[in-house]
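Novice: UniProt numbering puts the first residue of the sequence shown at 1, with every later residue one more than the last.
The following block contains the structure, expressed as C-alpha coordinates.
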Amino acid sequence: MTFMQMEALTGWPAKDEWDFEYLGDSNHPFIKANYPHHEGIWGWGTNADQIVLVVKNIRKSLVEYHDILWDIGYAKTWDEATLNLDNLYTQSPPLERFAWFIDFWMEGGLYRDMFTHKITTPEHYNMLMTPFNFKREELDYDLVVGADTVVTPSYDPHCTSGDVSGGCLPVAVISAEKLLDHSEGPAETARIANALMNSPKMSPYVIGSEAWDCIWSELIIKGKGAKTVRDRPNTPYTEADYNFSAEMLEEMLVELDRLIAKYGSSDWNTPETANRLVELLTWHRGLIQTELDELTGGRRKHTANDFLGPKEREKRRRENQATSSEPPRMPNTKFFDARVRERMVRKRHDARKAQHRYERRAEKKAL
1 MTFMQMEALT GWPAKDEWDF EYLGDSNHPF IKANYPHHEG IWGWGTNADQ IVLVVKNIRK
61 SLVEYHDILW DIGYAKTWDE ATLNLDNLYT QSPPLERFAW FIDFWMEGGL YRDMFTHKIT
121 TPEHYNMLMT PFNFKREELD YDLVVGADTV VTPSYDPHCT SGDVSGGCLP VAVISAEKLL
181 DHSEGPAETA RIANALMNSP KMSPYVIGSE AWDCIWSELI IKGKGAKTVR DRPNTPYTEA
241 DYNFSAEMLE EMLVELDRLI AKYGSSDWNT PETANRLVEL LTWHRGLIQT ELDELTGGRR
301 KHTANDFLGP KEREKRRREN QATSSEPPRM PNTKFFDARV RERMVRKRHD ARKAQHRYER
361 RAEKKAL
(Lines of atoms letter the chains of each structure in order from A and count residues from 1; the text may use other names and numbers.)
(Lines give C-alpha, C1' and ligand atoms only; values in the text may rest on other atoms or scores of the structure.)
Protein backbone atom coordinates (compact mmCIF):
# COMPACT_ATOMS: atom_id res chain seq x y z
CA MET A 1 0.00 0.00 0.00
CA THR A 2 2.91 2.37 0.68
CA PHE A 3 4.13 1.97 -2.87
CA MET A 4 0.66 2.62 -4.27
CA GLN A 5 0.72 5.91 -2.37
CA MET A 6 4.10 6.75 -3.91
CA GLU A 7 2.81 5.93 -7.37
CA ALA A 8 -0.29 8.07 -6.92
CA LEU A 9 1.66 10.98 -5.43
CA THR A 10 4.09 11.13 -8.35
CA GLY A 11 2.61 9.35 -11.34
CA TRP A 12 5.63 7.03 -11.47
CA PRO A 13 5.44 3.21 -11.08
CA ALA A 14 6.92 0.77 -8.57
CA LYS A 15 8.65 -2.55 -9.27
CA ASP A 16 9.99 -5.25 -6.97
CA GLU A 17 13.56 -6.44 -6.54
CA TRP A 18 13.05 -9.75 -8.34
CA ASP A 19 11.61 -8.04 -11.41
CA PHE A 20 14.69 -5.85 -11.56
CA GLU A 21 16.85 -8.96 -11.30
CA TYR A 22 15.05 -10.97 -13.97
CA LEU A 23 13.64 -8.31 -16.31
CA GLY A 24 16.48 -5.84 -16.09
CA ASP A 25 16.59 -2.09 -15.50
CA SER A 26 13.60 0.10 -16.29
CA ASN A 27 12.24 3.50 -15.35
CA HIS A 28 10.54 2.38 -12.13
CA PRO A 29 11.82 4.71 -9.39
CA PHE A 30 10.12 2.88 -6.50
CA ILE A 31 11.64 -0.48 -5.60
CA LYS A 32 9.77 -2.91 -3.35
CA ALA A 33 12.46 -4.87 -1.53
CA ASN A 34 12.74 -7.57 1.15
CA TYR A 35 16.55 -7.65 1.18
CA PRO A 36 18.40 -8.90 3.23
CA HIS A 37 15.61 -11.33 4.12
CA HIS A 38 16.00 -14.76 2.53
CA GLU A 39 13.04 -14.09 0.25
CA GLY A 40 14.74 -10.94 -1.03
CA ILE A 41 17.63 -10.14 -3.33
CA TRP A 42 19.58 -7.00 -4.19
CA GLY A 43 18.28 -7.04 -7.74
CA TRP A 44 18.28 -3.34 -8.58
CA GLY A 45 22.02 -2.77 -8.84
CA THR A 46 22.77 0.91 -8.25
CA ASN A 47 19.30 2.21 -9.12
CA ALA A 48 18.37 3.44 -5.63
CA ASP A 49 18.91 6.81 -3.97
CA GLN A 50 17.27 6.50 -0.56
CA ILE A 51 15.60 4.03 1.79
CA VAL A 52 12.09 4.28 3.25
CA LEU A 53 11.46 1.65 5.93
CA VAL A 54 7.89 0.36 6.18
CA VAL A 55 7.19 -1.12 9.63
CA LYS A 56 4.31 -3.47 10.34
CA ASN A 57 3.21 -5.08 13.59
CA ILE A 58 5.34 -8.21 13.96
CA ARG A 59 2.21 -10.27 14.62
CA LYS A 60 0.60 -9.18 11.37
CA SER A 61 3.88 -9.60 9.50
CA LEU A 62 3.95 -13.27 10.46
CA VAL A 63 0.46 -13.75 9.09
CA GLU A 64 0.85 -11.75 5.88
CA TYR A 65 4.18 -13.31 4.94
CA HIS A 66 2.58 -16.74 4.92
CA ASP A 67 -0.47 -15.39 3.10
CA ILE A 68 1.64 -14.19 0.18
CA LEU A 69 3.63 -17.44 -0.02
CA TRP A 70 0.34 -19.34 -0.09
CA ASP A 71 -1.04 -17.12 -2.84
CA ILE A 72 1.90 -17.78 -5.16
CA GLY A 73 1.90 -21.51 -4.45
CA TYR A 74 5.19 -21.47 -2.49
CA ALA A 75 6.91 -20.76 -5.81
CA LYS A 76 10.51 -21.94 -6.01
CA THR A 77 11.47 -19.65 -8.91
CA TRP A 78 10.69 -16.18 -10.21
CA ASP A 79 8.90 -17.76 -13.18
CA GLU A 80 6.58 -19.78 -10.94
CA ALA A 81 5.85 -16.75 -8.79
CA THR A 82 5.05 -14.65 -11.86
CA LEU A 83 2.60 -17.27 -13.13
CA ASN A 84 0.73 -17.06 -9.82
CA LEU A 85 0.62 -13.27 -9.46
CA ASP A 86 -3.08 -13.25 -10.39
CA ASN A 87 -3.66 -15.35 -7.27
CA LEU A 88 -2.13 -12.74 -4.97
CA TYR A 89 -4.59 -11.65 -2.27
CA THR A 90 -7.42 -13.80 -3.71
CA GLN A 91 -7.54 -16.62 -1.14
CA SER A 92 -7.55 -17.04 2.59
CA PRO A 93 -4.67 -19.38 3.45
CA PRO A 94 -3.57 -21.31 6.51
CA LEU A 95 -1.04 -19.50 8.61
CA GLU A 96 2.58 -20.12 9.51
CA ARG A 97 5.27 -18.51 11.54
CA PHE A 98 7.41 -15.68 10.21
CA ALA A 99 10.06 -13.56 11.87
CA TRP A 100 11.56 -10.27 10.90
CA PHE A 101 14.20 -7.87 12.06
CA ILE A 102 14.99 -4.27 11.14
CA ASP A 103 18.49 -3.73 12.50
CA PHE A 104 20.10 -4.12 9.08
CA TRP A 105 18.57 -0.95 7.64
CA MET A 106 18.49 1.11 10.83
CA GLU A 107 22.24 0.54 11.20
CA GLY A 108 23.04 1.14 7.56
CA GLY A 109 23.80 -2.45 6.58
CA LEU A 110 25.80 -3.47 9.66
CA TYR A 111 26.44 -7.20 9.82
CA ARG A 112 24.84 -8.82 12.88
CA ASP A 113 24.04 -12.35 13.92
CA MET A 114 20.28 -12.73 13.63
CA PHE A 115 20.10 -15.02 16.68
CA THR A 116 22.27 -13.22 19.24
CA HIS A 117 22.21 -9.78 17.57
CA LYS A 118 25.96 -9.52 18.10
CA ILE A 119 28.12 -7.79 15.50
CA THR A 120 29.46 -10.57 13.30
CA THR A 121 31.92 -11.27 10.52
CA PRO A 122 31.21 -11.24 6.77
CA GLU A 123 31.87 -14.98 6.65
CA HIS A 124 29.30 -15.73 9.35
CA TYR A 125 26.80 -13.30 7.87
CA ASN A 126 27.05 -14.94 4.46
CA MET A 127 26.30 -18.27 6.13
CA LEU A 128 23.26 -16.74 7.80
CA MET A 129 22.01 -15.45 4.46
CA THR A 130 21.93 -19.02 3.10
CA PRO A 131 20.59 -20.76 6.22
CA PHE A 132 19.17 -23.76 4.43
CA ASN A 133 22.67 -24.81 3.50
CA PHE A 134 23.43 -25.28 7.20
CA LYS A 135 21.92 -26.79 10.30
CA ARG A 136 21.02 -24.37 13.08
CA GLU A 137 23.90 -25.54 15.27
CA GLU A 138 26.34 -24.96 12.41
CA LEU A 139 25.38 -21.27 12.44
CA ASP A 140 26.04 -20.85 16.16
CA TYR A 141 27.87 -17.59 16.84
CA ASP A 142 30.31 -19.04 19.36
CA LEU A 143 31.16 -21.87 16.97
CA VAL A 144 31.69 -19.77 13.84
CA VAL A 145 32.97 -16.48 15.27
CA GLY A 146 34.06 -17.35 18.79
CA ALA A 147 32.58 -16.24 22.09
CA ASP A 148 35.54 -14.03 23.03
CA THR A 149 36.39 -12.78 19.55
CA VAL A 150 36.59 -9.00 19.17
CA VAL A 151 34.79 -8.38 15.88
CA THR A 152 35.50 -5.33 13.78
CA PRO A 153 32.18 -3.92 12.51
CA SER A 154 31.64 -4.55 8.82
CA TYR A 155 28.85 -3.54 6.48
CA ASP A 156 27.09 -4.89 3.44
CA PRO A 157 29.19 -3.97 0.38
CA HIS A 158 26.09 -2.53 -1.30
CA CYS A 159 25.93 0.03 1.49
CA THR A 160 29.63 0.90 1.52
CA SER A 161 30.15 1.10 -2.24
CA GLY A 162 27.45 3.68 -2.91
CA ASP A 163 24.90 1.37 -4.52
CA VAL A 164 22.32 3.51 -2.70
CA SER A 165 23.50 7.03 -3.44
CA GLY A 166 21.99 8.45 -0.25
CA GLY A 167 23.21 5.59 1.94
CA CYS A 168 21.40 2.65 3.50
CA LEU A 169 20.01 4.50 6.52
CA PRO A 170 16.27 5.10 6.09
CA VAL A 171 15.12 8.66 5.50
CA ALA A 172 11.66 7.87 6.87
CA VAL A 173 9.81 5.17 8.81
CA ILE A 174 6.25 4.50 7.67
CA SER A 175 3.56 2.61 9.59
CA ALA A 176 1.64 0.10 7.47
CA GLU A 177 -1.22 0.05 10.01
CA LYS A 178 -1.56 3.79 10.49
CA LEU A 179 -1.68 4.29 6.73
CA LEU A 180 -4.94 2.30 6.73
CA ASP A 181 -6.38 4.06 9.77
CA HIS A 182 -9.22 6.43 8.95
CA SER A 183 -8.06 9.09 11.40
CA GLU A 184 -4.27 8.81 11.10
CA GLY A 185 -3.98 7.63 7.50
CA PRO A 186 -3.81 11.05 5.80
CA ALA A 187 -0.90 12.06 8.06
CA GLU A 188 0.94 8.87 7.04
CA THR A 189 0.45 9.73 3.37
CA ALA A 190 1.91 13.16 4.14
CA ARG A 191 4.96 11.44 5.65
CA ILE A 192 5.44 9.50 2.45
CA ALA A 193 5.01 12.61 0.33
CA ASN A 194 7.48 14.60 2.44
CA ALA A 195 10.08 11.83 2.09
CA LEU A 196 9.69 12.08 -1.67
CA MET A 197 9.80 15.87 -1.53
CA ASN A 198 13.21 15.63 0.14
CA SER A 199 14.57 13.67 -2.82
CA PRO A 200 16.00 16.00 -5.50
CA LYS A 201 15.11 13.49 -8.20
CA MET A 202 11.51 12.91 -7.09
CA SER A 203 10.42 16.25 -5.66
CA PRO A 204 9.60 17.79 -9.08
CA TYR A 205 7.01 15.05 -9.64
CA VAL A 206 5.20 15.11 -6.27
CA ILE A 207 1.69 16.46 -6.60
CA GLY A 208 0.73 19.52 -4.53
CA SER A 209 -0.04 19.00 -0.85
CA GLU A 210 -3.65 20.07 -1.37
CA ALA A 211 -4.21 16.74 -3.19
CA TRP A 212 -2.57 14.43 -0.65
CA ASP A 213 -5.71 13.81 1.42
CA CYS A 214 -7.66 13.09 -1.75
CA ILE A 215 -5.10 10.52 -2.86
CA TRP A 216 -5.28 8.80 0.51
CA SER A 217 -9.08 8.74 0.35
CA GLU A 218 -9.22 7.35 -3.19
CA LEU A 219 -6.81 4.53 -2.41
CA ILE A 220 -7.81 3.67 1.16
CA ILE A 221 -11.47 4.61 1.51
CA LYS A 222 -12.62 3.91 -2.05
CA GLY A 223 -10.19 1.05 -2.63
CA LYS A 224 -8.98 2.17 -6.03
CA GLY A 225 -5.75 0.88 -7.53
CA ALA A 226 -4.15 -2.56 -7.65
CA LYS A 227 -5.10 -5.48 -5.41
CA THR A 228 -3.70 -5.39 -1.89
CA VAL A 229 -3.96 -7.45 1.28
CA ARG A 230 -7.29 -5.75 2.00
CA ASP A 231 -8.84 -7.25 -1.15
CA ARG A 232 -8.96 -10.79 0.17
CA PRO A 233 -12.53 -12.17 -0.01
CA ASN A 234 -14.68 -12.22 3.09
CA THR A 235 -14.28 -15.38 5.15
CA PRO A 236 -15.64 -16.58 8.49
CA TYR A 237 -12.28 -15.61 10.01
CA THR A 238 -10.34 -12.40 10.23
CA GLU A 239 -6.65 -11.98 10.96
CA ALA A 240 -7.44 -11.29 14.61
CA ASP A 241 -9.34 -14.57 14.93
CA TYR A 242 -6.12 -16.57 14.64
CA ASN A 243 -4.35 -16.91 17.96
CA PHE A 244 -0.70 -17.27 18.83
CA SER A 245 0.44 -19.47 21.69
CA ALA A 246 1.83 -17.79 24.79
CA GLU A 247 5.37 -18.89 23.91
CA MET A 248 5.17 -17.12 20.55
CA LEU A 249 3.63 -13.95 21.96
CA GLU A 250 6.31 -13.90 24.64
CA GLU A 251 9.02 -14.24 21.97
CA MET A 252 7.50 -11.28 20.12
CA LEU A 253 7.58 -9.23 23.31
CA VAL A 254 11.21 -10.14 23.93
CA GLU A 255 12.16 -8.97 20.44
CA LEU A 256 10.12 -5.78 20.73
CA ASP A 257 11.58 -5.03 24.16
CA ARG A 258 15.08 -5.41 22.74
CA LEU A 259 14.36 -3.07 19.83
CA ILE A 260 12.59 -0.49 21.99
CA ALA A 261 15.43 -0.44 24.52
CA LYS A 262 18.04 -0.18 21.80
CA TYR A 263 16.50 2.54 19.65
CA GLY A 264 15.12 4.37 22.66
CA SER A 265 18.56 4.68 24.26
CA SER A 266 20.64 7.85 24.41
CA ASP A 267 22.71 6.57 21.48
CA TRP A 268 19.66 6.83 19.25
CA ASN A 269 17.68 9.77 20.62
CA THR A 270 18.72 12.13 17.81
CA PRO A 271 17.55 10.45 14.57
CA GLU A 272 13.89 11.14 13.93
CA THR A 273 13.61 7.72 12.34
CA ALA A 274 14.64 6.03 15.60
CA ASN A 275 12.11 8.04 17.59
CA ARG A 276 9.41 7.13 15.11
CA LEU A 277 10.40 3.47 15.23
CA VAL A 278 10.21 3.38 19.03
CA GLU A 279 6.79 5.04 18.89
CA LEU A 280 5.44 2.36 16.54
CA LEU A 281 7.06 -0.59 18.30
CA THR A 282 5.78 0.59 21.69
CA TRP A 283 2.28 0.73 20.23
CA HIS A 284 2.67 -2.78 18.77
CA ARG A 285 3.98 -4.06 22.09
CA GLY A 286 0.89 -2.87 23.90
CA LEU A 287 -1.37 -4.71 21.46
CA ILE A 288 0.57 -7.96 21.81
CA GLN A 289 0.67 -7.68 25.62
CA THR A 290 -3.11 -7.27 25.62
CA GLU A 291 -3.46 -10.41 23.49
CA LEU A 292 -1.18 -12.36 25.84
CA ASP A 293 -3.21 -11.19 28.84
CA GLU A 294 -6.43 -12.31 27.12
CA LEU A 295 -4.88 -15.70 26.38
CA THR A 296 -3.57 -16.34 29.89
CA GLY A 297 -6.84 -15.04 31.33
CA GLY A 298 -8.88 -17.53 29.31
CA ARG A 299 -10.59 -14.96 27.09
CA ARG A 300 -8.83 -16.41 24.02
CA LYS A 301 -8.86 -20.12 23.17
CA HIS A 302 -6.47 -22.06 20.93
CA THR A 303 -7.47 -24.23 17.99
CA ALA A 304 -5.31 -26.64 15.99
CA ASN A 305 -5.16 -24.08 13.16
CA ASP A 306 -3.59 -21.36 15.29
CA PHE A 307 0.07 -20.32 15.50
CA LEU A 308 0.91 -22.62 18.39
CA GLY A 309 4.69 -22.80 18.36
CA PRO A 310 6.81 -25.93 18.95
CA LYS A 311 6.21 -26.25 22.70
CA GLU A 312 2.43 -25.98 22.51
CA ARG A 313 2.24 -28.32 19.52
CA GLU A 314 4.42 -30.90 21.26
CA LYS A 315 2.23 -30.65 24.35
CA ARG A 316 -0.88 -31.25 22.25
CA ARG A 317 0.78 -34.11 20.38
CA ARG A 318 1.56 -35.86 23.66
CA GLU A 319 -1.96 -35.30 24.95
CA ASN A 320 -3.48 -36.69 21.75
CA GLN A 321 -1.08 -39.63 21.81
CA ALA A 322 -2.07 -40.45 25.39
CA THR A 323 -5.78 -40.58 24.50
CA SER A 324 -5.45 -42.21 21.06
CA SER A 325 -5.29 -45.93 20.29
CA GLU A 326 -3.42 -45.32 17.02
CA PRO A 327 0.38 -45.73 16.99
CA PRO A 328 2.29 -42.41 16.92
CA ARG A 329 3.32 -41.17 13.50
CA MET A 330 6.88 -40.19 12.76
CA PRO A 331 7.31 -36.43 12.33
CA ASN A 332 7.89 -35.17 8.79
CA THR A 333 10.27 -32.41 9.84
CA LYS A 334 13.30 -33.80 8.02
CA PHE A 335 11.35 -34.27 4.80
CA PHE A 336 9.97 -30.74 4.76
CA ASP A 337 13.28 -29.28 5.87
CA ALA A 338 14.94 -30.95 2.88
CA ARG A 339 12.30 -29.55 0.55
CA VAL A 340 12.84 -26.05 1.91
CA ARG A 341 16.60 -26.40 1.49
CA GLU A 342 16.07 -27.53 -2.10
CA ARG A 343 13.81 -24.56 -2.74
CA MET A 344 16.31 -22.01 -1.45
CA VAL A 345 19.25 -23.56 -3.30
CA ARG A 346 17.30 -23.51 -6.52
CA LYS A 347 16.19 -19.95 -5.93
CA ARG A 348 19.76 -18.75 -5.41
CA HIS A 349 20.88 -20.71 -8.47
CA ASP A 350 18.23 -19.01 -10.59
CA ALA A 351 19.27 -15.63 -9.24
CA ARG A 352 22.89 -16.27 -10.23
CA LYS A 353 21.81 -17.32 -13.73
CA ALA A 354 19.75 -14.16 -14.05
CA GLN A 355 22.73 -12.09 -12.96
CA HIS A 356 24.90 -13.74 -15.61
CA ARG A 357 22.26 -13.03 -18.28
CA TYR A 358 22.05 -9.44 -17.15
CA GLU A 359 25.83 -9.04 -17.28
CA ARG A 360 25.98 -10.55 -20.76
CA ARG A 361 23.29 -8.16 -21.99
CA ALA A 362 25.22 -5.27 -20.50
CA GLU A 363 28.41 -6.42 -22.24
CA LYS A 364 26.64 -6.65 -25.59
CA LYS A 365 25.24 -3.15 -25.17
CA ALA A 366 28.72 -1.86 -24.36
CA LEU A 367 30.01 -3.37 -27.62
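Just so you know, even glycine gets a beta-carbon here, dropped at the ideal spot from N, CA and C.
Bear in mind that the values here come from a model prediction, so they are computed numbers and not experimental data.
1. I need the DSSP call for Lys56, collapsed to helix, strand or coil.
2. Less than 6 Å between C-beta atoms, sequence neighbours within five positions excluded: which residues of the same chain meet that for Leu280?
3. Once you ignore the five residues that flank Gly108 on each side, which residues in its own chain have a CB closer than 8 Å to its CB?
4. For the beta strand (DSSP E) that contains Val173, what are its first and last residues?
5. Are Val145 and His117 closer than 8 Å when you measure CB to CB?
6. For the alpha helix (DSSP H) that contains Phe134, what are its first and last residues?
7. So which of Lys60, Glu39, Trp12 has the shortest CA-CA distance to Glu291?
8. Determine the closest residue to Ser245 out of Gly24, Lys222, Gln289, Lys178, with distance taken between C-alpha atoms.
9. Whole-angstrom Cβ separation of Gln5 and Leu180, contact assumed at under 8 Å?
10. For Arg318, collect the residues of the same chain with a Cβ closer than 6 Å to its Cβ; drop the 5 residues on either side in sequence, then sort them by chain order.
11. In chain order, what are the residue ranges of uninterrupted beta strand (DSSP E) at least 3 long that sit wholly in the stretch 146-227?
12. If you draw a straight line from the alpha carbon of Ala14 to that of Asn27, how long is it in whole angstroms?
13. Since Asp16 is in the beta strand (DSSP E), which residue starts that stretch and which ends it?
14. Alpha carbon to alpha carbon, how far is Val164 from Ala48? Give it in angstroms, no decimals.
15. Compute the distance between the beta-carbons of Ile102 and Leu62, then report whether it is under 8 Å.
16. If we ignore side chains and look at the alpha-carbon of each, how far apart do Gly309 and Leu295 end up?
17. Terminal residues of the continuous beta strand (DSSP E) containing Ile31?
18. Determine the direct distance from the alpha carbon of Pro36 to that of Asp16, and round the result to whole angstroms.
19. Would you kindly work out how many angstroms separate the C-alpha atoms of Pro271 and Ala261, rounded to a whole number?
20. I'd like to know whether the C-beta atoms of Arg300 and Leu253 end up nearer to each other than 8 Å.
21. On the three-state DSSP scale, how would you describe Ala304?
22. For Asn57, which residues of its own chain have a beta-carbon under 7 Å away from its beta-carbon, when the five flanking residues on both sides are left out?
23. Between the alpha carbons of Ile31 and Gly162, how many angstroms are there, rounded?
24. For the pair the stretch 186-197 and the stretch 206-223, tell me if three or more CB-CB distances fall below 8 Å.
25. Can you look up Ile51 in the DSSP assignment and give me helix, strand or coil?
26. Going by Cα to Cα distance, which pick from Trp18, Trp212, Val173, Leu128 is closest to Gly11?
27. Any idea if Arg346 is buried or exposed, counting beta-carbon neighbours within 10 angstroms, 16 or more meaning buried?
Specialist: Taking the definition as stated:
1. coil
2. Val55, Ser175
3. Tyr155, Cys159, Gly167, Cys168, Leu169
4. 170-175
5. no
6. First-last for Phe134: undefined, no H or E at that position.
7. Lys60
8. Checked all of Gly24, Lys222, Gln289, Lys178; the closest Cα to Ser245 is Gln289.
9. Incorrect: roughly 11 Å between the Cβ atoms, too far for contact.
10. If we look at Arg318 and ignore the five residues flanking it on each side, it has no Cβ neighbours.
11. 170-175
12. 9 Å
13. 14-16
14. 5 Å
15. Contact flag unset, no.
16. 14 Å
17. For Ile31, the enclosing beta strand (DSSP E) has its first and last residue at 30-32.
18. Asp16 and Pro36: Cα-Cα distance of roughly 14 Å.
19. 15 Å
20. Against a cut-off of 8 Å, the Cβ pair of Leu253 and Arg300 comes out as no contact.
21. coil
22. Glu177, His284, Leu287
23. 17 Å
24. Using a Cβ-Cβ distance cut-off of 8 Å, the stretch 186-197 and the stretch 206-223 are in contact, since at least three pairs of beta carbons, one from each stretch, lie closer than that value.
25. strand
26. Of all alpha-carbon atoms in Trp18, Trp212, Val173, Leu128, the one lying nearest the alpha-carbon of Gly11 is that of Trp212.
27. The residue in question, Arg346, is exposed, as its Cβ has fewer than 16 Cβ neighbours within 10 Å.
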